[in-house]
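J.:
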Amino acid sequence: MPFIKVQNKKLFYAQVDAETASKDGSVLVFIHGLGSSHSFYIPVMNQLATAGYSSIALDVYGSGLSVLSEGIEDPTFDTIASDVKALLEGLSIRPENAVAVGHSMGGIIVPKLALKCSLRGAVLIGPVLPKPAMAEIFNTRIRTVKKEGMEPMAKTIPFAATGSKAILTQKAFIRALLLSQKPEGYIALCRAIAQAELPPYANIKCPVLVLSGEEDKTSPIPDAQKILSDSRPAAHSLSSRDLTRPTDDEMPTRRVRDCERRRCAEACESCKRRKQRCDGRRPCARCIKRGLGHECHESQSASNNGARRILASSLPSPDPDRLSNITEQTTPAGSITVGNRSGLTSVDEAYVDDGTSSSLQLLSNTQPERLPRMSRLVQDTRGEYMFIGDSATLSFLQNIRRIVRRSIGDCTLVDDPLRHGIVEASPETRRGWILSSAQNPPPRQSEQELDYLVKWYMQSANCVLLLFDQKELDQGIRKWIEDGQDIADPASSVYYLVFAIGAQTGPEDKDDLAETFFNYARYLTVETLIEEPGIVTIQALVLIAMYLLGASRRNAAFMYLGMGVRAAYAIGLHRHDIASLFSSNEGRAREQLWKGIRILDLFMSASLGRPPSTSELRDTTNPQNYSACNDLSMIFELILTDVYAKRMISPEILERISKHLRRWTAQCGEGLAVDGIEQDDLIRDQNGEEQPNIGLIHLKLTGHWTVMLLSLPFLHKAVSQHVEDNEQSAQGTAKRSSSSNQVLVHSCLESAVRTVDLLQTLVRTGTIPKRLPIVGNSAFVSGLVLGAAIFGDFDNSFPLEKSLHAARGVLDRFSRYDAVAKRHLMILDHLQNACDIYMDNRARLRMERQRHLVNGLFGSIHTIGKSPLRNSQQPEGNSRIGSTDGIQTQPQTPRPGQVANEMTEEQQGFLMEGGEQTEIDVDISADAFLGISPNMLWFDSFDTTMSLFPIVDTQIMGDEMMANGVNNQE
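Residue numbers (the working numbering): 51 to 1020.
(1) Is residue 155 helix, strand or coil when you go by DSSP?
(2) Tell me which residue opens and which closes the beta strand (DSSP E) that residue 127 is part of.
(3) Applying the 10 Å Cβ sphere with the 16-neighbour rule, what's the burial state of residue 897?
(4) From the DSSP secondary-structure annotation, give me the bridge partner or partners of residue 740.
(5) What residue range is occupied by the uninterrupted alpha helix (DSSP H) comprising residue 818?
(6) State the Cα-Cα distance for the pair residue 660 and residue 695, rounded to the nearest angstrom.
(7) If we call anything under 9 Å between Cβ atoms a contact, is residue 811 one with residue 829?
(8) Beta carbon of residue 174, beta carbon of residue 271: below 9 Å?
(9) What does the alpha-carbon distance come out to for the pair residue 537 and residue 744?
(10) Helix, strand or coil, according to DSSP, for residue 758 in the structure here?
(11) Taking the alpha-carbon of residue 886 as reference, which of 677, 906, 633, 840 has the nearest alpha-carbon?
(12) So does the region 873 to 885 actually touch the region 843 to 860, counting three or more Cβ pairs closer than 8 Å?
(13) Using three-state DSSP, classify residue 79 as helix, strand or coil.
(14) Between the C-alpha atoms of residue 820 and residue 826, what's the straight-line distance to the nearest angstrom?
(15) Have a look at the DSSP bridge pairing and note the partners of residue 56.
(16) Measuring alpha carbon to alpha carbon, tell me which of 157, 227, 106 ends up nearest residue 113.
(17) Which value, in whole angstroms, describes the spacing of the CA atoms of residue 527 and residue 614?
(18) Do residue 131 and residue 165 have their beta-carbon atoms positioned less than 9 Å apart in this structure?
(19) In whole angstroms, what separates the C-alpha of residue 792 from that of residue 225?
(20) I'd like to check one pair, residue 105 with residue 98: are the Cβ atoms closer than 9 Å?
(21) Given 8 Å as the limit, is there contact between the region 459 to 475 and the region 530 to 548, that is, 3 or more CB pairs closer than that?
(22) Put residue 833 into one of helix, strand or coil per three-state DSSP.
(23) Given that a residue counts as buried once 16 or more other Cβ atoms are within 10 Å of its Cβ, and exposed if not, what is residue 629?
(24) Specify the secondary structure class of residue 150 as computed by DSSP and reduced to three states.
(25) Identify which residue in 256, 773, 679, 843 has its Cα closest to the Cα of residue 453.
(26) Between 337, 119, 229, which lies nearest to residue 275 when the distance is taken from Cα to Cα?
(27) Mapping DSSP to helix, strand and coil, what is residue 889?
(28) Report the partner residues of residue 104 according to the DSSP bridge assignment.
(29) Extract the residue ranges of the alpha helix (DSSP H) inside the region 210 to 257, only unbroken runs of 4 or more that lie entirely within it.
(30) Are the Cβ atoms of residue 515 and residue 540 separated by less than 9 Å?
(31) Fully enclosed by the region 468 to 502, which beta strand (DSSP E) runs are 3 residues long or longer?
(32) Determine whether the beta carbon atoms of residue 709 and residue 679 lie at a separation below 9 Å.
(33) So the alpha helix (DSSP H) residue 585 belongs to, where does it begin and stop?
(34) State the Cα-Cα distance for the pair residue 163 and residue 704, rounded to the nearest angstrom.
(35) Which term fits residue 901, buried or exposed, when burial requires 16 or more other beta carbons within 10 angstroms of its beta carbon?
(36) Could you round the C-beta distance between residue 60 and residue 119 to whole angstroms and report it? I think they count as a contact, below 8 Å.
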C-alpha cells in the first residue's frame, strides 16, 4: 500500500493517474472531512481520470490508515497542511499545478495549505467556519467517544449526514468509514477543530471556489459568503469549468429574444433596488464588480417567495420517495435541516434564547429512538375502511391502553367495550332529507329570534370560522329579510347555515330547529351552488362542515370541507396576491374565508390524523396585516407535515418549530385585531353582559395543542420506558433511564395543565355555547396527556390528578348535547379509574418497602390471626411496579449519606417550582449544537398488525351504557 513518511508520521495516500495526457498538467488533491478517509473520493477520482485529470487523496494524520504514532504530537490544521505540502513534494507535484479540494473539516485545511504554498486553485466543499462556540461542541463529542467509542457516531451520522435521496448502501458506506476510525485519532481531530482559528482568507493568492448547499446547516450560505467576502473578489467567479475554459467576463453574452427572456427568480436586494439585471448568484457578478460582494444578499420578498415555492410542493403524497424529499434534508456534519418554510426565515434568529439551547442540549446524549406506529384503519358500518393517523387522539388513546395494560393489567379502560370504535352521530334525517327539506322550509323567525341565532353563531365561531364582520352580517340578513328571504339569492344558503349553527350552539335546546335550518340550507346549496365555485359556495360548504363537526359527524364534515378546499383553490383563495386584485371589502372577505378554511382543515387533520388539504403560500410572519391565526395555522401545518407525515422528530425540526412558536407568542398580540379577537379574557356582549372571550380561548388552546402535539411522542417514550423499567426493577434488571428529553416532556405536561386551567374560566361562566368542538377536543387531549403522565410518576412534579379531574369537568359540561364529548367523558372516567388503581398500588408498594423498618420497631400486628382481607389489601399490580433509578420521581430507599427525603439529580431535573420549568444552564447555542449528534425519534411499528375499528353510532351510547361504565369503575 502507498505510504509516505513525513516527520516520522506514516501517511497513507491513493493516487489515480489520468487515462489521457492532461492538457494543463493540473492535479487535484483531495482532503476529506472528520470521520472519513481517502475512500470518500475514490469514485470521483476514477471519473476524473477518464476526463484527463490526475488526482491524489490522503488519509489525514489520525484518520483511516494514517494512524497516530507514539511520541508524535497530535495533529493540528497547520501540521496537516504541512503534511500535504510534504506529500506533494514527495510525489514531485509542483504546488502551482495542484488544485486542493477540501470537504467539511478539509475546508479548514485547504486555506492553510494555500498559505504555505502557491496553489493553482482551492475548492472548499461545505467548509466549516471556525467559531468560538464549536469548542464545547467538539469537547462534548470527545467525551462521548472516550466513553463509548465510535459506535454512537456510527449510529447517528449515517442518517444525519446523508441527503434525502441517499440510499441504504450510501448510509452503510458512511457507517463503515466511521467504524474504521481509531477513537484516539478521531478524538485528536475533534480537538483540532475545537482549537481551530479563523484562517486569514484574505491572504490567499490563488482562486477560491466555495460550494455550500442551501440545506447545509454545518456550512450555511452566510458562512460561505463570509469566507468569500474575506477572500479576494476574483475568487468568487471561479467554477470547475474555469480550470480549462474562459471566465464569464471573457465570453460574450448570447443575445436572447424577447419571447425567450426570463427574469431571475431571486435577484439580490442591491440589483432590485437599482433595477439592474442580476445573475441570481450570491454574491452576484454585479455586486462583485462594484466591490459590494459582502453586502449582496437575497431580498426579504425573494426569500419569502422561495419559501412559498418549497411549501407549495410539500402537499402530502402517497409516494414515499416524494414525501421524504419534501422538506427534510441532511448535512455532511451530522445535522438534519428542514427546507425553508413560512415563518422560519432569518427573522426567527431574534427569538433564539438559552431555553432553546437547553432543550436541544438535553437531546444530544440519546441515540435514535423508535416509537409505536399509531396509524390505524377505522371500519364503518358498511365495511368501508377509513384512516386514523398518528396525530389522532384515538391513536394516542390506544397506546395509553397498551401502557395501562402493561402497568396494572385489565381494567375498565383496557376492557372498554367501545375501545375499538369511533363515535359518529347518525341523524334521523339521513334518508330523504332533500325531498323533505324542499317541501318543508324552516319557519320564519322573529327579529329577536334572529338576533339570538346570529349572536350564538358569532360566539361559537369566533377565531374558528369568523367569516363575517358582525355589522356586515347583520346588514346582509336584514336586507335579505326585506327582500322576502328569496331562495334564489345565493346568500340564502349561507344565512340559513348561520341560523343552524346559532341554534346548534346556543344555550337553549333548539336542536330540532337547527337540523331543520341545516337540511334546508344544504338542500339550497346542492340545488343552486354546488357546481359553481365561488365565495358564497365555499362559505356554504365550510359552514356545512362546521355544523357537522358540532353534530359529531366528523367524517361527513371532513368530506364537505374537502369540497370547499377544492373550490377555494379553483378561485385562487390560497394566493394573497390574487386577493389584492379585488376591492378592499371583497379582498378582506377572501382572506377571512381562507383563514377559516385553514383553521378548520388543520383542526380536523390533526384530530383525525389525516394529511391537511391546504398548504399556505403566504408569508405569515409579515408584520403588515399580521394574523395570529394564520401564523399559528402555519405552525400546525409544519408539525403535521414535518413531524407526523415523516414519522420522525429531529432536533433541527424541534428548533425550527420552537423558534416559530416563540416568535408567534411575541407577536400574537399585534395580530389579534386583524383576527377580530379582543385581548381581554372577559368581554361584554351587546346587552352589556360579561362573557368569556371565546376567540382568545380558542387561540390559546390551539397554541397549547401545538406544543402537546409536537412533544407527545417524547412523553409516550418517557412513560413507556418508565413502565418497562418498573418491570425490569421487579426482576432485578432495571437499567438507568435517560432524562435527555425531559424539557420536551415537561413542555407537554405544562401545556396540558395550562389548557385545563384556561378552560376553567369557560366552564365557570353561566351561559356559554353548548357545543364547542375545539374546546372539547382540547380538554380530551389534555386529559389523555395528564392520565398517561401519572403512569410515568410525574404526579409528584405536576398537579396531574387535580387537572385530570378538571378536564373531566369540562367534558361533563358539554356532554349533554355533544355525543363526542359524552364519549370522551366516558374515556376519561375509565382513565381516572386506571390512574386510581395505579396510584393505590404505588402507594402500597412504597409502604411495603418500609415494612421491615416498621416491623422491626413495633412488630407485624397485621399478621395476627387469619384475616381474609390480608391478601386483598396487597396491591394487585405489585409485580408491575418497581423502583428504578431512571425518570421516576417516587421516593426510594436512601443511599448512604443521603437524607431520606433528598431527591436524586434525575428526580430534581423533573421538578418544577411554581408551575414554571426548571432552568437548565447550557451555554452552547442551539444552531451550533445541531452539528454534533442529532437525537431522532422515529415512529415505527409497535406490532405487525393494524387495528381495525368500527364506527359506533351515538344512539347505542345512551344512559344505560354510561351507567354500565360507572358501575364498572366502582
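By construction, the Cβ of each residue, glycine as well, lies at the ideal position given by its N, Cα and C atoms.
T.: Per the coordinate set shown:
(1) coil
(2) Segment 127 to 140 is the alpha helix (DSSP H) holding residue 127; no beta strand (DSSP E) there.
(3) exposed
(4) 734
(5) Residue 818: not part of any alpha helix (DSSP H); DSSP gives it neither H nor E.
(6) 9 Å
(7) no
(8) no
(9) 32 Å
(10) Three-state DSSP puts residue 758 in a helix.
(11) 840
(12) yes
(13) strand
(14) 11 Å
(15) 59
(16) Nearest of 157, 227, 106 to residue 113, Cα basis: 227.
(17) 23 Å
(18) Going by C-beta atoms, residue 165 is nearer than 9 Å to residue 131.
(19) 29 Å
(20) yes
(21) no
(22) Under the three-state reduction of DSSP output, residue 833 falls in the helix class.
(23) buried
(24) Shown here, residue 150 sits in a strand according to DSSP, grouped into three states.
(25) 773
(26) 337
(27) helix
(28) 77
(29) 218 to 229, 233 to 244
(30) no
(31) 472 to 474
(32) no
(33) 585 to 600
(34) 39 Å
(35) Burial call: exposed.
(36) 7 Å
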